[in-house]
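Enquirer: The sequence shown: position 141 = 328 (this note's numbering), numbered continuously.
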Amino acid sequence: MNVHRLPRLVLLLVLAGWVRVGSADTGQLREVVQMNGLNVVIFTAPTPLRAGEVEVVTLVTVEATGRPVLDYQLDVRVRSKQWDTEALSLLSMGVPDPGTRFAKKATVLLATPGEWELSVEIQAPEFDPVTVVVEVAVGNPHPLWWQLLPWLLAAVPCLGLILARDAITQRSRRRFPAS
188 MNVHRLPRLV
198 LLLVLAGWVR
208 VGSADTGQLR
218 EVVQMNGLNV
228 VIFTAPTPLR
238 AGEVEVVTLV
248 TVEATGRPVL
258 DYQLDVRVRS
268 KQWDTEALSL
278 LSMGVPDPGT
288 RFAKKATVLL
298 ATPGEWELSV
308 EIQAPEFDPV
318 TVVVEVAVGN
328 PHPLWWQLLP
338 WLLAAVPCLG
348 LILARDAITQ
358 RSRRRFPAS
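Shown next as structure tokens:
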């Protein structure tokens, strides 16, 4: 194997792994509802849910025709079941999901582990508003070292390349000493 191609090969492998990590994931199916002439499908990601940022992805189609509804408004309210029911309710507006063509997503912050209630409201033109309440269990967040693990592991190939380059340089200096 040509040693000069080794850095390119490692870079290609790192980029291939990065693309896989960055791929779109709709998440776990939470609810499918037929209401007011609409089919509403709700997903949450990541799987399993952990305290921190959570994506709520919705796909809305017309019940009669199955055609996707593109111009709907998505509002997600979250409420912890451990806290006072009226004390805190957070709202997140939905935006088009770049990973899927017909879905919208809202990013919400579930601050603590435990039981949470997601109230998903869909407002589509020509249809009555649809509100779906989904109860989810949220686990403990990953420790900090787990969140930093991809960055720490990214240094391993770089360190390997530096050590390989140094070994090759020393070997070539022994073969061809300077006069």
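No residue lacks a Cβ here, since even glycine has one placed at the ideal position from N, Cα and C.
#1: Is the beta carbon of GLU240 sitting closer than 8 Å to the one on GLY224?
#2: Would you identify the three-state DSSP class for LEU339, choosing helix, strand or coil?
#3: For THR299, which residues from the same chain have a beta carbon less than 8 Å from its beta carbon, with the 5 sequence-adjacent residues on both sides left out?
#4: Report the rounded CA-to-CA distance for VAL307 versus LEU216, giving the unit in angstroms.
#5: In terms of residue numbering, what span does the beta strand (DSSP E) encompassing VAL320 cover?
#6: Count the other CB atoms within 10 Å of the CB of SER279; is the residue buried (16 or more) or exposed (fewer)?
#7: Run the CB neighbour count on ASP315, radius 10 Å, all protein chains shown included, and call it buried at 16 or more, exposed below.
#8: Pull up the CB-CB distance for PRO235 and GLY214, whole angstroms please, since I reckon it's below 8 Å.
#9: Mark GLY347 as exposed unless 16 or more other C-beta atoms lie within 10 angstroms of its C-beta, in which case mark it buried.
#10: Hey, how far is the Cα of ARG288 from the Cα of THR252?
#11: Between ALA341 and ASP258, what straight-line distance do the alpha-carbon atoms span, to the nearest angstrom?
Expert: In brief:
#1: Locating residue 240 in the sequence shown gives position 53, where the first residue counts as 1. Locating residue 224 in the sequence shown gives position 37, where the first residue counts as 1. The answer is no: Cβ separation not under 8 Å.
#2: The residue given as residue 339 occupies position 152 in the sequence shown. Helix at LEU339.
#3: As a first step, residue 299 must be located in the sequence shown, where it is residue number 112. Around THR299: ALA238, SER267, GLN269, VAL325.
#4: The count along the sequence shown starts at 1 and reaches residue 307 at position 120. The count along the sequence shown starts at 1 and reaches residue 216 at position 29. Answer to the nearest angstrom: the Cα atoms are 14 Å apart.
#5: As a working mapping, residue 320 is identified with position 133 in the sequence shown. That run of the beta strand (DSSP E) goes 317–325.
#6: Translated into positions along the sequence shown, residue 279 becomes position 92. It is buried - the Cβ of SER279 has at least 16 other Cβ atoms within 10 Å.
#7: If you number the sequence shown from 1, residue 315 lands on position 128. Per the 10 Å Cβ criterion, exposed.
#8: Against the sequence shown, residue 235 aligns to sequence position 48. Against the sequence shown, residue 214 aligns to sequence position 27. 10 Å between Cβ atoms; not a contact.
#9: Taking the first residue of the sequence shown as position 1, residue 347 is located at position 160. GLY347 should be labelled exposed.
#10: Walking along the sequence shown from the start, residue 288 turns up at place 101. Walking along the sequence shown from the start, residue 252 turns up at place 65. Distance between the alpha carbons of ARG288 and THR252 is about 18 Å.
#11: Counting from one through the sequence shown, the residue named residue 341 turns up at place 154. Counting from one through the sequence shown, the residue named residue 258 turns up at place 71. So the alpha carbons of these two residues sit roughly 41 Å apart.
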